[in-house]
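J.:
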Amino acid sequence: MKRALTLLMAFLAGSPAAAQPSPFDMSGERPAEQRVAPPVEEAPQRRDAQPSPRIPEAAAPRPAAEPFRRFILPFPTLSLAGEADERAWSIYLTPAQAQAGRKLTFAYQNAIVVAPEASVLSVLVNGKLVGEGAVQAADEPHERSYDIPPGLLRTGENEIRFRARHRHRTDCTIQSTYELWTEIASESAFITFEGEEPRALSAIEDIQAVGTNETGRTQFNIVAPALEQPSRVPVLMRLAQGVALLGRMRSQSVVFSRVMPELGKPGEVTILAGTATELQPLLPSLPAEAATGTIAAFAETGHANAPVLVLSGPDWTAVAAAIETITAATERPTNIPRDVIKTERWRLPQTPLVFSGKRLRFSELGVTTSEFSGRRFRTALQVAIPSDFYADAYGEATILLDAAYTAAVRPGSRIDVYVNGNIATTVALEASAGGILRHLPINVTLRHFRPGANLIELEAVLLTEADKICAPGTAASSEPRFALFDTSEFAMPDFARIARRPDLAATSGSAYPYRGSADPVALFIDRTDADTLSAAGTFIAKLAVAGGRPMQIESIADPLVADGRQALFIGAMPQLPTMVLTQAGIDTVSQASWGSAKDVAQGRNTQTALDEWQTRLKGGGWRSAIVDFESWLKENFDISLNSLRLIPEEETPFVPPEAATLLVAQSANPAENATWTVVAAPSPALLREGVAAIADTSRWSDVSGHIAVYDPLDDKVSATPARRFSLVETQPPSFWNYRLIAANWLSTNILFYAVVLVSLAVVLGLATAVLLGKLGRRT
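Numbering that gives the first Met the number 0 puts the first residue of the sequence shown at 0, with every later residue one more than the last.
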């Protein structure tokens, strides 16, 4: 017993715990996130003991990779408003993505006045419902995730449709329907894929699967070590057009650089363009074939989810040939007119191009037969018109409406038609005992139409006795009170076909006149730095998408070389030739002062000063009476004093507002036989940012008139119309077209019309008097 006690004490004395006591530890009582592991000291080993084997760090298990996701919204926020609203678009999937798509996830938030028991949010993929549920996220965003059935996704185009049906909690008025909304943020909406294969892009056509980032934007990063050489500019502009035409996203930009950007960002693809010698330091895994022949393929980078497209060869002739493999897929002859404008990436269906005397059924425009039980029904369709459309002063399109409404609809109900957000016409419903409308003609003025895609919205405002009473506690009726049938038609009349110069709306809508230019478009860039080239690439790529085909570009160093040719001048304002700015109608005094006199954020004072001067000039006397008379004419008869001039008012030099960071101006060249377009900003950095901002379709459609400027503070584009313009013939001469051109021109210049009308009346009276004097019976 004594010997056993002695051995136990010796053992305890030789243990590490006895040799070096540890302090009292409370880590076991702390919360898990506050526990700190105590330092561990190695115990002395016996000489005959074998050291314990260590696990190599490389053998430690790695954390599981994040599942691959693709954002699906082509805009920063999807807003579904009113009692019934939906939006559909398409996304492109590679074969691996189509096989591996598993879940569709999004987070939404709605107005607090939405009644969850009667409101539904639905999601459809390729026409099949994948999930729906009550709208009940008024306090904070609510996430929903739906399984995608196997085989539903397909390689290529896939339709995504969000649909919302809202009911108000308490109010039954028409005004209350404007308070109903559901919003989905872009960063919350994505498709989750299984495995690693969906991350890769393998074929050139997979550029269409780049998708968007968390803000709904797409970016093409073009890395070209030789980008500062002017001779490379035309080839790089062709590349920018090719990838943009493949992507065709709502908001996409091109960024040029000489170094590799950060890889793996969503909504971005990196493209290496250069010789094998130039690209080898950037991409050690460059395919060996690049040293001997043309190569256009995706290469491995060792970075997950970071596809890199390599366009290379032994020299720049081979590089240009590799780039043509991309643009060749998007080429189309200039003499073959388009029948659609491809808008499917942000709005389905694709927008048909409507020419003179054409009729389209609503079913062809994506409008389906609908029955509605609420108070304000709204639906939308899109049509496009050509660049030489010239009927905005007198023309009218016609909607042949097939609809029905019940006897519950009270007098005062109406149908409103909006074109590009502007009210175009209103038709009252004869609410007596209900009725069925068969091809009811609704004339829609063409004054709000513009070249390119045009959004037409129909809104039925329905008043009923039940809504007027709005008894509390009464359940919302599901009995339809209005129906719209897809047999309705949109009819475009014959209209004049002649182009105007300048006309930025035709340029932004369909890339006129650059799309159909027989000669290469002359491009003047003040400096071939990364920012300026990025701005030029983004702008030219947007023109290519608007025109539906890539353009041939020729770089010039002297504006005189561009005389007689369609030309683009892109750069910082101080570096652009003064002669070009003068020709474009820009005040040359602002060439050096724009953006440098004061901080851009203080530019709002310009509008304040303008308002003060306007008030000062209207202070009294005959000037005030003229201003008041002009306002009265404009408000009641839509007539301005400019339309009463025999000779158009002179264009005054345009001074860019200090708040603006980008200017787009268009004019004729000195010989007045071609079009010059100037894209300028105070600095190259602001030029790149400004062009990327207006490349968004929501802002690009506002680029019109003679000069357009972008204000980042208000995030909008403001246009200045052209006071003087020339007409450019685009169609073979014909009496019928000339008659329509004269009708629109006289409708714009009403004083000329009045003079001609009075002159004809006088001539007719004099001729009648002469004839009566010779042939009449004398008394």
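Just so you know, even glycine gets a beta-carbon here, dropped at the ideal spot from N, CA and C.
Note that the coordinates shown come from a computational prediction; the quantities given were computed from them, not determined experimentally.
Jot down the residue ranges of each uninterrupted beta strand (DSSP E) in the segment 537 to 585, minimum 3 residues, whole runs only, in chain order.
T.: 552 to 555, 566 to 571
J.: Do you know whose CA, among I398, A392, M248, V716, lies nearest M491's CA?
T.: Against the sequence shown, residue 491 aligns to sequence position 492. Looking at the Cα atoms, I398 is the closest of the given residues.
J.: If you reduce the DSSP assignment to three classes, tell me which class T747 lands in.
T.: As a working mapping, residue 747 is identified with position 748 in the sequence shown. Helix at T747.
J.: Less than 8 Å between the beta carbons of P224 and E277, yes or no?
T.: Taking the sequence shown and counting its residues from 1, one reaches residue 224 at position 225. Taking the sequence shown and counting its residues from 1, one reaches residue 277 at position 278. Yes, these two residues count as a Cβ contact at 8 Å.
J.: So S238 packs on I322, CB below 8 Å; how close in whole Å?
T.: To locate residue 238, count along the sequence shown from 1; it is residue 239. To locate residue 322, count along the sequence shown from 1; it is residue 323. The question names Ser, but residue 238 is Leu in the sequence shown. With 8 Å as the limit, L238 and I322 qualify as a contact, their Cβ atoms being about 5 Å apart.
J.: From L661 to R153, what does the alpha carbon distance come to, in whole angstroms?
T.: Translated into positions along the sequence shown, residue 661 becomes position 662. Translated into positions along the sequence shown, residue 153 becomes position 154. Answer to the nearest angstrom: the Cα atoms are 41 Å apart.
J.: What's the gap between the Cα of V560 and the Cα of A667?
T.: The count along the sequence shown starts at 1 and reaches residue 560 at position 561. The count along the sequence shown starts at 1 and reaches residue 667 at position 668. Straight-line Cα distance between these residues: approximately 15 Å.
J.: Can you tell me where the alpha helix (DSSP H) holding L123 begins and where it ends?
T.: Locating residue 123 in the sequence shown gives position 124, counting from the first residue. Note, L123: premise wrong, no alpha helix (DSSP H); beta strand (DSSP E) at 119 to 124.
J.: Taking only three categories from DSSP, how would you classify N736?
T.: Looking up residue 736 in the sequence shown gives position 737. Note: N736 maps to helix in three-state DSSP.
J.: Say yes only if the C-beta of P260 is nearer than 7 Å to one or more non-hydrogen atoms of the ligand HEM, and no if none qualify.
T.: Judged by which ligands are present, the structure shown has none, so any question about the ligand HEM falls away.
J.: My guess is that P501 and S589 are in contact by the Cβ rule of under 8 Å, so how many angstroms apart are they, rounded?
T.: By one-based count along the sequence shown, residue 501 stands at place 502. By one-based count along the sequence shown, residue 589 stands at place 590. Wrong, their Cβ atoms sit about 19 Å apart, outside the cutoff.
J.: Quick check on the DSSP output: the beta strand (DSSP E) that includes P440 runs from which residue to which?
T.: Here residue 440 refers to the residue found at position 441 of the sequence shown. Unbroken beta strand (DSSP E) run through P440: 434 to 444.
J.: Tell me the DSSP secondary structure of T424 in three-state form.
T.: The residue given as residue 424 occupies position 425 in the sequence shown. T424: strand per DSSP, three-state reduction.
J.: So if DSSP puts V762 in a beta bridge, which residue, or which two residues, is it bridged to?
T.: Residue numbering aside, residue 762 sits at position 763 when the sequence shown is read from its first letter. Its beta-bridge partners do not exist; DSSP assigns none.
J.: Alpha carbon to alpha carbon, how far is A510 from F538?
T.: The residue you call residue 510 lines up with position 511 of the sequence shown. The residue you call residue 538 lines up with position 539 of the sequence shown. Approximately 11 Å between the Cα atoms of the pair.
J.: Quick check: the Cα distance between P479 and L92, rounded to an integer number of angstroms?
T.: As a first step, residue 479 must be located in the sequence shown, where it is residue number 480. As a first step, residue 92 must be located in the sequence shown, where it is residue number 93. Cα to Cα, P479 sits roughly 39 Å from L92.
J.: In angstroms with no decimal places, state the Cα-to-Cα distance between E456 and P549.
T.: The count along the sequence shown starts at 1 and reaches residue 456 at position 457. The count along the sequence shown starts at 1 and reaches residue 549 at position 550. Straight-line Cα distance between these residues: approximately 32 Å.
J.: Specify the secondary structure class of S250 as computed by DSSP and reduced to three states.
T.: On the sequence shown, residue 250 is found 251 positions in, with the first residue counted as 1. Correct three-state label for S250: coil.
J.: Identify every run of the alpha helix (DSSP H) within the segment 192 to 258, keeping only runs that are complete inside it and at least 4 residues long; order them along the chain.
T.: 232 to 246
J.: For P62, collect the residues of the same chain with a Cβ closer than 6 Å to its Cβ; drop the 5 residues on either side in sequence, then sort them by chain order.
T.: Taking the first residue of the sequence shown as 1, we reach residue 62 at position 63. Because the pLDDT at P62 is just 46, under 50, the model does not fix this residue reliably, and the point stays unresolved.
J.: Going by C-alpha to C-alpha distance, which of Q108, I173, S725 sits closest to H141?
T.: Mapped onto the sequence shown, residue 141 falls at position 142. The residue with the shortest Cα to Cα distance from H141 is Q108.
J.: With a cut-off of 8 Å, do at least 3 Cβ pairs link the segment 93 to 105 to the segment 225 to 245?
T.: no
J.: For A407, which residues of its own chain have a beta-carbon under 8 Å away from its beta-carbon, when the five flanking residues on both sides are left out?
T.: Taking the first residue of the sequence shown as position 1, residue 407 is located at position 408. Hits under 8 Å: G433, T463, E464, A465, R480.
J.: Per DSSP, Q108 forms a beta bridge with which residues?
T.: For the purposes of this step, residue 108 is taken as the residue at position 109 of the sequence shown. In the DSSP output, where bridge partners are listed per residue, Q108 has E182.
J.: Count the other CB atoms within 10 Å of the CB of H438; is the residue buried (16 or more) or exposed (fewer)?
T.: Locating residue 438 in the sequence shown gives position 439, where the first residue counts as 1. The residue is exposed, with fewer than 16 neighbouring Cβ atoms inside 10 Å.
J.: What's the gap between the Cα of R374 and the Cα of Y177?
T.: Translated into the one-based positions of the sequence shown, residue 374 becomes position 375. Translated into the one-based positions of the sequence shown, residue 177 becomes position 178. Between R374 and Y177, the C-alpha separation is close to 11 Å.
J.: Quick one: residues in its chain with C-beta nearer than 8 Å to the C-beta of I173, no 5 flanking neighbours on either side, listed in chain order?
T.: Mapped onto the sequence shown, residue 173 falls at position 174. R374, R375, V460, L462.
J.: Taking the C-alpha atoms as reference points, what is the distance between R196 and A95?
T.: Numbered from 1 along the sequence shown, position 197 holds the residue referred to as residue 196. Numbered from 1 along the sequence shown, position 96 holds the residue referred to as residue 95. Reading the sequence as shown, one finds Glu at residue 196 and not Arg. If you take the alpha carbons of E196 and A95, they lie about 6 Å apart.
J.: Run through DSSP, which three-state label would R687 get?
T.: For the purposes of this step, residue 687 is taken as the residue at position 688 of the sequence shown. Correct three-state label for R687: helix.
J.: Going by CA-CA distance only, name the one from I740, I183, T719 that's closest to T729.
T.: Along the sequence shown, one-based indexing puts residue 729 at 730. Looking at the Cα atoms, I740 is the closest of the given residues.
J.: With a threshold of 8 Å, are at least 3 pairs of Cβ atoms found where one atom belongs to the segment 556 to 573 and the other to the segment 249 to 268?
T.: Touching, no, given that fewer than three Cβ pairs across the two stretches are closer than 8 Å.
J.: In three-state terms, what does DSSP make of L352?
T.: Counting from one through the sequence shown, the residue named residue 352 turns up at place 353. In this structure, L352 counts as strand in the three-state DSSP scheme.
J.: Given a cut-off of 8 Å, decide if G194 and P265 are closer than it, judged by their beta-carbon atoms.
T.: Numbered from 1 along the sequence shown, position 266 holds the residue referred to as residue 265. Numbered from 1 along the sequence shown, position 195 holds the residue referred to as residue 194. Their beta carbons are not under 8 Å apart, which means P265 does not touch G194 by this criterion.
J.: Go through the segment 361 to 403 residue by residue and report every complete run of the beta strand (DSSP E) that reaches 3 residues or more, in order.
T.: 369 to 371, 375 to 384
J.: Excluding the 5 residues flanking E261 on each side, which residues of the same chain have their C-beta closer than 6 Å to its C-beta?
T.: By one-based count along the sequence shown, residue 261 stands at place 262. Nothing meets the Cβ criterion.
J.: Please name the residue in A272, A691, F70, D391 whose C-alpha comes closest to that of L310.
T.: In the sequence shown, counting from the first residue as 1, residue 310 sits at position 311. The residue with the shortest Cα to Cα distance from L310 is A272.
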